[in-house]
Structure formats: structure tokens, C-alpha cells
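In what follows, a single structure is set out as C-alpha cells and then discussed.
Numbering (my numbering), first residue to last: 4 to 153.
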């Protein structure tokens, strides 16, 4: 399959943070073109949705997000981000706060996601998104001090 240009992502800005912001904004709008513009134009990009299989390549990733957007936009907001960055790559571990509609009304779920970005000829682009199964309770960081006094 021929590679397609990502014109929207080229206008995103100059950092991995800019691409990440555009990615979450596209999720919230249900905008598949803007979302896919965040991805690198590489054959080996991959995505793992909570409990799902590994999706490899832009075609598989696009199809999965199109199916998800068929149910409406995804109301995911990055709540906490931990970053490891270098000159040409960045890894962001993101606590996503997701609003889900239940019979009792809107509720929040939490997902831990890892987003990997590479600096490409087109600028910074996402090359991987891997999300854990969700939970109703916000997870604590393992290195946070315990909240109980002895």
C-alpha cells in the first residue's frame, strides 16, 4: 500500500507533546483524519487497545479507530504524564481519564497508556500506542509513598 502524506500532523507543531495533544483532541472529536495524521508514515507502527490484539500498520490502526468512532468520540483526557525524551524519540506513559456513559449516567474509568514518538522527516510522529485494560479506580504510582501512617 502506498504511503500517504500527513499534512495535518505537519501543522501540529514541533514537539512530541504537540503531537500527543493533537492525538487526544482528535479522539475527543472523533476525527479519524486528524488522529491518523499524528501517526508516523511507517509500516511497523502499532497500536494495542485495552484487551485487544496488536494492530500493525496504518490501515489496521485506522480501521480500529473508525470502528470505535462509530460509537461516538472517545472522551479520553491525559491526567498524568511521565516522560522519557531524547533527541529523536520520546516515550510518554499517560494516565488517561475516560468518560463512559453507564445506565447510572456518566462515570470515569482510568487507563494507563504508553505513547512512543519518533522524530521523522515529517516532524514528530506517534509510532506506538499501547493501552492497559481500564479500571474504575485511579491507579497509584508504585513509587508514591503509602497513604497510611503506622
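C-beta atoms are modelled at their ideal positions from N, C-alpha and C, and glycine is treated no differently. No experiment lies behind these values; they were computed from the predicted model shown.
Here's a check: name, in chain order, each residue in its chain whose Cβ is nearer than 6 angstroms to the Cβ of residue i, leaving out the five neighbours to either side.
{"i": "residue 59", "result": "49"}
{"i": "residue 85", "result": "96"}
How long is the line joining the alpha carbons of residue i and residue j, rounded to whole angstroms?
{"i": "residue 131", "j": "residue 107", "result": "34 angstroms"}
{"i": "residue 97", "j": "residue 26", "result": "12 angstroms"}
{"i": "residue 10", "j": "residue 88", "result": "At residue 10 the pLDDT is 43, less than 50, meaning the model places this residue with poor confidence; the figure from the coordinates comes in the next sentence. Computed Cα separation, rounded: 24 angstroms."}
{"i": "residue 30", "j": "residue 38", "result": "7 angstroms"}
{"i": "residue 92", "j": "residue 105", "result": "38 angstroms"}
One question on the structure: do residue i and residue j come within less than 7 angstroms of each other, judged by their Cβ atoms?
{"i": "residue 47", "j": "residue 78", "result": "no"}
{"i": "residue 126", "j": "residue 53", "result": "no"}
{"i": "residue 76", "j": "residue 110", "result": "no"}
Leaving out five residues before and five after residue i in sequence, what residues of the same chain have Cβ atoms less than 7 angstroms from its Cβ?
{"i": "residue 56", "result": "none"}
{"i": "residue 43", "result": "121, 123, 128, 129 and 130"}
{"i": "residue 13", "result": "Confidence is the limiting factor: at residue 13 the pLDDT is only 47, short of 50, which leaves the residue's position unreliable, though a coordinate-based value still follows. Hits under 7 angstroms: 125 and 126."}
Below 8 angstroms on the Cβ atoms is my contact criterion, and I expect residue i with residue j to pass it. Report the Cβ-Cβ distance as a whole number of Å.
{"i": "residue 81", "j": "residue 69", "result": "So it is not a contact: roughly 22 angstroms between Cβ atoms."}
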